[in-house]
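Chemist:
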Amino acid sequence: MAETTTLQVLVRYFAAAEEAAGVPEESLPAVATVGELKSVLLERYGDAMAKVLASGSFLVDGVVSRDDARPLGARVDVLPPFAGG
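Counted from 1, the sequence shown has number 43 at position 44 by numbering that gives the first Met the number 0; the numbering is strictly sequential.
(1) Hey, out of Val75, Ala20, Ser64, whose CA is closest to Leu40's CA?
(2) From Ser38 to Phe81, what distance separates their C-alpha atoms?
(3) Can you look up Leu41 in the DSSP assignment and give me helix, strand or coil?
(4) What separation, rounded to the nearest whole angstrom, lies between the Cα atoms of Ser26 and Ser64?
(5) Would Val77 pass as a contact of Gly55 if the rule is Cβ separation under 8 Å?
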């Protein structure tokens, strides 16, 4: 019998993203891309997260991304839009 391994991705939330999720971080079953993660987060957290994702971004391997096709690694940070200049 072959063993199956469920990969996880650590998702960390900041500011409004944390408020929408209700937790500072969580492990989710691994998803392959930013776009797939967005879908999972919208399904789990609804309108509150939709507002964050509409203008927020993701930090993947130390690089800020809004590209739905960007592959994910073991950790991703969900960043709300930031004000400032």
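Note that the Cβ used here is the ideal one computed from N, Cα and C, for glycine as well.
Modeler: In short, the structure shows the following:
(1) Against the sequence shown, residue 40 aligns to sequence position 41. Ranking Val75, Ala20, Ser64 by Cα distance to Leu40 puts Ala20 first.
(2) Counting from 1 along the sequence shown, the entry for residue 38 is found at position 39. Counting from 1 along the sequence shown, the entry for residue 81 is found at position 82. In a straight line, the C-alpha of Ser38 is about 22 Å away from that of Phe81.
(3) Along the sequence shown, read from residue 1 onward, the residue named residue 41 stands at position 42. In the structure shown, Leu41 sits in a helix (DSSP, three-state: H, G or I).
(4) Along the sequence shown, read from residue 1 onward, the residue named residue 26 stands at position 27. Along the sequence shown, read from residue 1 onward, the residue named residue 64 stands at position 65. Straight-line Cα distance between these residues: approximately 20 Å.
(5) Residue 77 sits at position 78 when you count from the first residue of the sequence shown. Residue 55 sits at position 56 when you count from the first residue of the sequence shown. For Val77 and Gly55, yes; Cβs fall inside 8 Å.
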